[in-house]
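Engineer: Below are the structure tokens for one structure; questions will follow.
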Amino acid sequence: MVVESPVNYLNVRHSVASWLLTTDHKRIGLMYGIFVTIAFMVGGIFGTMIRLELTTPQGDLMAADTYNRMFTMHGVTMVFFVLIPAVPAILGNFVMPLMIGAKDVAFPKLNLLSWYIFVTGFIFTLTAMILGGVDTGWTFYTPYSSQGSESNVLITGIGVFITGFSSILTGLNFMVTIHRMRAPGMTWFRLPLFIWALYSTSLVMVLGTPVIAITLLMLVLERGLHLGIFDPRLGGDPVLFQHLFWFYSHPAVYIMILPPMGVISEVIACFSRKSVFGYSFVAFSSLAIAVFGFLVWAHHLFVAGISPYSALIFSFLSFAVSIPSAVKTFNWTATLYKGAIWWKTPMMFALGFLGLFVIGGLTGLFLASLGLDIYLTDTYFVVAHFHYIMVGGAIMGYFAGLHYWWPKMTGRMYNDSLGKFAALLIFVGFNLTFGPQFILGYLGMPRRYHMYPPEFQVLNVLSSAGASILAVGYVLPAMYFLYSLKWGAKAGANPWKATGLEWTTQSPPLPENFAETPVVTEGAYAYSKREMKVA
Amino acid sequence: MPNGAVAAHGEHQNHHPALQHHFEDLEQQHEASTLGMWLFLVTEVMFFGGLILAYTLYRIWYPAAWALGSEELNIYLGGFNTVVLIGSSLTMALAVRSAQTGARRATVGWLLFTMSLGLTFLVVKFFEYKEKFELNHVPGPNFRFEGAESPHVQIFFSLYFALTGVHALHMVIGFVLLSVIATMAYRKRFSPEWYTPVELAGLYWHFVDIVWIFLFPLLYLVDRSHRIV
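Listed in order, the protein sequences are those of chains A and B.
At position 45 of the first sequence the residue is numbered 45 (the working numbering), and the sequence of numbers has no breaks.
At position 214 of the second sequence the residue is numbered 214 (the working numbering), and the sequence of numbers has no breaks.
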């Protein structure tokens with residue numbers, strides 16, 4: 001039994017300064033949580049505006065130019081300020097040192113600095129939005145972004161540039177922590193799979209993010225001084241921007257999806273009461289995704305006039321990256337097989353993830369094939385595909401993790417029935433929102449237009465209706481989580497009877513995580529099906 | 001409980017003053033810091049890599065403009081700066097060695113020497129930039145260059161200023177970093193047991209040197225062979 005100390009990381013100090021100057025990875029994780037939640041709401045509002053406009057074929061809610069700003073700001077906010085930081089910076093920061101038995105990350109001050117950099121970048125981007133927004137699409141393609149657009153490209157670009165450094169430093173910090181801070185006995189192959197996923201993600205952050213930083217710097221200089229680097233009239237190459245942009249932004253998709261995949265491994269093992277099937281395959285598939293992920297970027301450029309030979313190679317490599325993803329999916333399914341399934345909220349989200357990720361992944365194969373991609377490029381098929389990965393996959397995984405570790409973070413239980421209901425709402429609402437978009441795209445509806453032919457209306461109305469269900473599904477957890485903070489039942493150290501070092505310390509954890517440094521003697525998922533579940 | 005508190009306090013007294021609480025020992029702290037610095041340098045390689053990719057593409061597209069632009073750079077000043085920086089890497093290495101052997105005065109001395117070489121580099125770079133401003137070779141609305149290759153030469157100079165500008169920024173940061181390290185060394189913060197910051201500053205400084213060793217031929221020595229022969 002864990003001996004409860006009255007002092008934990010939340011009540012050890014109370015002043016505002018004790019939060020703003022904290023170097024405790026757990027507090028920093030929560031502080032990211034606040035800003036990511038704000039960004040999620042802001043991005044959600046822009047998304048709502050898109051769906052409202054598309055309920056009717058005419059452009060009756062907003063002008064075309066306003067609509068351009070809406071989808072751009074939706075994308076910028078959701079990608080750079082929600083999807084990229086959500087799992088690594090909130091959940092990773094909170095549980096990673098706990099999971100490996102460390103007192104903190106390797107560089108706690110740097111960790112705090114990352115948070116300040118993140119907030120600074122966010123403020124820049126919000127300022128750009130308040131000043132009228134940006135209309136280039138979240139991809140900032142040149143030459144429109146460097147000369148045509150009259151919106152706030154400069155401030156937004158600088159905001160995203162700054163935020164990138166937060167990502168770089170977090171990745172660096174995590175890699176060093178995982179290498180050097182593991183508790184005695186915590187060998188690489190005893191690490192929880194969430195740690196493997198975070199490690200792979202950090203690799204992508206460290207190798208990829210500097211490239212987007214320098215690219216945005218070039219864009220900012222080009223826009224300010226008209227240098228000609230990306231301007232075809234002056235001999236520059238706009239496609240170079242696309243290459244540089246996607247060299248980061250495609251791997252960034254794996255920054256978004258790898259950590260939730262790690263969460264799913266934890267949750268499925270715990271709620272099947274089984275060890276993850278093929279542990280080392282799942283571990284190495286994370287690394288494989290990180291490495292392959294760097295070699296597929298030009299599949300975003302199949303219609304940009306790249307050479308047919310390189311298109312062929314990039315198409316092949318894009319198919320290849322599906323192999324490690326499929327390894328994970330099959331191994332999770334095999335873990336469920338003959339497991340003692342325990343129907344709790346985190347498990348509901350994890351199963352939802354599996355369903356949506358499979359659809360998102362398989363439709364990715366459509367887009368990786370050269371011929372079909374030319375037909376589907378810039379249609380709603382693409383929009384549906386990446387939402388299945390980024391929202392259906394990444395956000396479902398984030399919610400699974402949040403519901404799994406909430407008792408550890410706060411020491412309180414939320415209402416499980418409401419949690420399951422929210423998971424169901426999100427799953428149904430999500431499919432209703434984005435399922436019809438596959439058909440719309442296949443029928444030829446292009447993305448990024450505020451009007452469409454009347455025959456597309458039925459499917460668009462279905463999509464908007466689904467979005468309203470989705471919105472309820474996202475608001476509901478916010479409510480029961482807040483409620484649980486004050487009135488939730490005490491969680492105790494290990495409410496899920498889970499393995500893993502984070503469950504061996506009290507909830508909420510001590511300021512220094514463990515009373516004494518733990519010693520690890522067995523693998524990550526030493527579950528026994530005979531072990532009785534708590535009611 | 002009071003006994004435990006005393007014991008914990010006593011244990012704390014035995015710690016090296018530089019050991020941070022979340023590390024078990026100095027060795028772990030040293031290894032973590034060193035790995036962190038190497039990873040940081042990897043991100044720097046990727047950062048410069050983006051610019052060098054753009055450089056490579058346009059050099060292949062516009063070899064004539066690259067030769068013309070390169071001719072405008074002062075090979076003697078560039079060469080002098082290369083020698084200065086390689087020399088500063090030597091003095092930096094000697095500073096790290098002195099810290100390792102506990103020679104405090106030598107450490108401070110070599111660090112100051114390294115800083116003065118860094119400053120020399122920056123002063124020379126300033127005069128090179130100044131000349132470019134006077135000749136209107138700075139990209140932007142005032143850019144002037146005779147001939148049909150003018151727009152492409154502007155791309156050359158854009159990349160010249162981006163690459164050397166980002167490099168010079170790293171030099172300035174390195175200068176500030178070394179001044180902090182030199183102050184710490186002067187205040188007897190380092191010992192043969194613990195001199196990690198000196199070593200890490202050295203890694204950073206060598207990296208910035210290496211970047212210049214790439215930049216000098218890439219920018220100054222394009223198509224110059226006929227001059228040497």
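Cβ coordinates follow ideal geometry from the N, Cα and C atoms, glycine included.
Determine, using beta carbons only, whether residue 174/B and residue 195/B come nearer to each other than 8 Å.
Structural biologist: What you label residue 174/B is simply residue 174 of the second sequence in a count that begins at 1. What you label residue 195/B is simply residue 195 of the second sequence in a count that begins at 1. Going by C-beta atoms, residue 174/B is not nearer than 8 Å to residue 195/B.
Engineer: Which value, in whole angstroms, describes the spacing of the CA atoms of residue 553/A and residue 16/A?
Structural biologist: An answer regarding residue 553/A cannot be provided, because it is not within the stretch 1 to 535 covered by chain A.
Engineer: Specify the secondary structure class of residue 258/A as computed by DSSP and reduced to three states.
Structural biologist: For the purposes of this step, residue 258/A is taken as residue 258 along the first sequence, with counting starting at 1. Reduced to three states, the DSSP call for residue 258/A is helix.
Engineer: List, in order along the chain, the chain B residues whose C-beta lies closer than 7 Å to that of residue 108/A?
Structural biologist: For this step, residue 108/A is matched to residue 108 along the first sequence. Chain B residues near residue 108/A: 22.
Engineer: Excluding five sequence neighbours on each side, which residues of the same chain lie with their C-beta closer than 8 Å to the C-beta of residue 232/A?
Structural biologist: Mapped onto the first sequence, residue 232/A falls at position 232. Same-chain partners within the cutoff: 143 and 238.
Engineer: Report yes or no: is there a C-beta of chain A within less than 8 Å of the C-beta of residue 198/B?
Structural biologist: Position 198 of the second sequence, counted from the start, is the residue given in the question as residue 198/B. Output row for residue 198/B: interface = no.
Engineer: Below 8 Å, how does it come out for the region 53-62 of chain B and the region 149-159 of chain B: are there three or more Cβ pairs, yes or no?
Structural biologist: Contact holds: three or more Cβ-Cβ distances are below 8 Å.
Engineer: Please name the residue or residues paired with residue 379/A in a DSSP beta bridge.
Structural biologist: For the purposes of this step, residue 379/A is taken as residue 379 along the first sequence, with counting starting at 1. According to DSSP, which records beta bridges pairwise, residue 379/A is partnered with 446/A.
Engineer: Restricting to Cα atoms, I'd like to know which of 248/A, 227/A, 510/A and 367/A is closest to residue 155/B.
Structural biologist: The sequence position of residue 155/B within the second sequence is 155, counting from 1. For residue 155/B, the nearest C-alpha among the options comes from 227/A.
Engineer: Could you confirm whether any beta carbon from chain B is found closer than 8 Å to the beta carbon of residue 137/A?
Structural biologist: As a position in the first sequence, residue 137/A is number 137, starting the count at 1. Taking Cβ atoms only, chain B never reaches closer than 8 Å to residue 137/A, which makes this a no.
Engineer: In the structure shown, what three-state DSSP assignment does residue 2/B receive?
Structural biologist: The residue you call residue 2/B lines up with position 2 of the second sequence. Any answer about residue 2/B is weak, because its pLDDT of 37 lies below 50 and its placement is not dependable; what the coordinates show is given next. The answer is helix: DSSP assigns residue 2/B an H, G or I state.
Engineer: My understanding is that residue 39/A touches residue 82/A, with C-beta atoms under 8 Å, so please give their C-beta distance in whole angstroms.
Structural biologist: Along the first sequence, read from residue 1 onward, the residue named residue 39/A stands at position 39. Along the first sequence, read from residue 1 onward, the residue named residue 82/A stands at position 82. Correct: roughly 5 Å between the Cβ atoms.
Engineer: Please decide whether residue 17/B counts as near chain A, where near means a Cβ-Cβ distance under 8 Å.
Structural biologist: The count along the second sequence starts at 1 and reaches residue 17/B at position 17. Not an interface residue.
Engineer: Count Cβ pairs between the region 436-443 of chain A and the region 301-315 of chain A that sit closer than 8 Å; are there 3 or more?
Structural biologist: No, the region 436-443 of chain A is not in contact with the region 301-315 of chain A.
Engineer: Assuming the contact rule is C-beta atoms closer than 8 Å, residue 62/A and residue 53/A should be a hit. Round their C-beta distance to whole Å, please.
Structural biologist: Residue numbering aside, residue 62/A sits at position 62 when the first sequence is read from its first letter. Residue numbering aside, residue 53/A sits at position 53 when the first sequence is read from its first letter. With 8 Å as the limit, residue 62/A and residue 53/A qualify as a contact, their Cβ atoms being about 6 Å apart.
Engineer: Using a C-beta cutoff of 8 Å, does residue 152/B count as contacting chain A?
Structural biologist: Residue numbering aside, residue 152/B sits at position 152 when the second sequence is read from its first letter. Chain A, which has a Cβ nearer than 8 Å to the Cβ of residue 152/B, makes this yes.
Engineer: Quick one: does residue 211/B have its CB under 8 Å from some CB of chain A?
Structural biologist: Mapped onto the second sequence, residue 211/B falls at position 211. Chain A contact via Cβ: absent.
Engineer: Please list, in chain order, the residues of the region 211-229 of chain A that have any C-beta partner in chain B closer than 9 Å.
Structural biologist: Taking 9 Å as the Cβ-Cβ cut-off against chain B, the residues of the region 211-229 of chain A that qualify are 211, 212, 213, 214, 215, 217, 218, 221, 222, 224, 225, 226, 227, 228 and 229.
Engineer: Is it buried or exposed for residue 214/B, if we count other Cβ within 10 angstroms and need 16 for buried?
Structural biologist: Walking along the second sequence from the start, residue 214/B turns up at place 214. Burial call: exposed.
Engineer: Could you tell me which residues DSSP puts in a beta bridge with residue 406/A?
Structural biologist: Taking the first sequence and counting its residues from 1, the one referred to as residue 406/A is at position 406. Paired residue(s): none; residue 406/A is not in a bridge.
Engineer: Residue 43/B touches chain A at which residues, Cβ-Cβ below 8 Å?
Structural biologist: As a working mapping, residue 43/B is identified with position 43 in the second sequence. Under the 8 Å cutoff, chain A gives 168, 172, 206, 207, 209 and 210.
Engineer: Opposite residue 513/A in the DSSP bridges: which residues?
Structural biologist: Your numbering for residue 513/A matches position 513 in the first sequence. Paired residue(s): 510/A.
Engineer: Below 8 Å between beta carbons: does that hold for residue 508/A and residue 169/A?
Structural biologist: Locating residue 508/A in the first sequence gives position 508, where the first residue counts as 1. Locating residue 169/A in the first sequence gives position 169, where the first residue counts as 1. No. Outside cutoff.
Engineer: Please go through the same chain and pick out, in chain order, the residues whose beta-carbon is closer than 6 Å to the beta-carbon of residue 145/A, but skip the five residues on each side of it.
Structural biologist: Your numbering for residue 145/A matches position 145 in the first sequence. These residues qualify, in order along the chain: 136 and 153.
Engineer: Specify the secondary structure class of residue 532/A as computed by DSSP and reduced to three states.
Structural biologist: What you label residue 532/A is simply residue 532 of the first sequence in a count that begins at 1. Residue confidence for residue 532/A is low, a pLDDT of 49 falling below 50, so the modelled location carries little weight and cannot support an answer.
Engineer: Are the beta-carbon atoms belonging to residue 7/A and residue 511/A less than 8 Å from one another?
Structural biologist: Counted from its first residue, the first sequence places residue 7/A at position 7. Counted from its first residue, the first sequence places residue 511/A at position 511. Yes.
Engineer: Round the Cβ separation of residue 415/A and residue 480/A to the nearest angstrom and send it over; I've been treating them as touching at under 8 Å.
Structural biologist: To locate residue 415/A, count along the first sequence from 1; it is residue 415. To locate residue 480/A, count along the first sequence from 1; it is residue 480. About 5 Å separates the two Cβ atoms, so the contact holds.
Engineer: Is the separation between the beta-carbon of residue 162/A and that of residue 121/A shorter than 8 Å?
Structural biologist: The sequence position of residue 162/A within the first sequence is 162, counting from 1. The sequence position of residue 121/A within the first sequence is 121, counting from 1. Against a cut-off of 8 Å, the Cβ pair of residue 121/A and residue 162/A comes out as a contact.
Engineer: Which residues in the same chain have their Cβ closer than 7 Å to the Cβ of residue 222/B, if we skip the five residues on either side of it in sequence?
Structural biologist: What you label residue 222/B is simply residue 222 of the second sequence in a count that begins at 1. So the qualifying residues of the chain are 66, 67 and 70.
Engineer: Between the region 350-363 of chain A and the region 385-405 of chain A, can you find at least three pairs of beta-carbon atoms closer than 8 Å?
Structural biologist: The region 385-405 of chain A is in contact with the region 350-363 of chain A.
Engineer: Quick check: is the beta carbon of residue 57/B nearer than 8 Å to any beta carbon in chain A?
Structural biologist: The sequence position of residue 57/B within the second sequence is 57, counting from 1. Yes, residue 57/B lies at the interface with chain A (some Cβ there is under 8 Å from its Cβ).
Engineer: Thinking C-beta only, is residue 264/A closer than 8 Å to residue 196/A?
Structural biologist: Within the first sequence, the letter at position 196 stands for residue 196/A. Within the first sequence, the letter at position 264 stands for residue 264/A. Cβ distance not < 8 Å, so residue 196/A and residue 264/A don't count as in contact.
Engineer: Counting only the same chain and skipping the five closest in sequence on each side, list residues whose C-beta sits under 6 Å from that of residue 138/B.
Structural biologist: In the second sequence, residue 138/B corresponds to position 138, counting from 1. These residues qualify, in order along the chain: 132.
Engineer: Quick check: what's the CA-CA separation for residue 240/B versus residue 80/B?
Structural biologist: Lying before the first or after the last residue shown, residue 240/B is absent from chain B, which here runs from 1 to 229.
Engineer: Give the DSSP-derived three-state secondary structure of residue 486/A in the structure shown.
Structural biologist: In the first sequence, counting from the first residue as 1, residue 486/A sits at position 486. Looking at residue 486/A - three-state DSSP - the assignment turns out to be helix.
Engineer: Counting Cβ pairs closer than 8 Å, one from the region 280-298 of chain A and one from the region 423-434 of chain A, do we hit at least three?
Structural biologist: With the cut-off at 8 Å, the region 280-298 of chain A and the region 423-434 of chain A do not touch.
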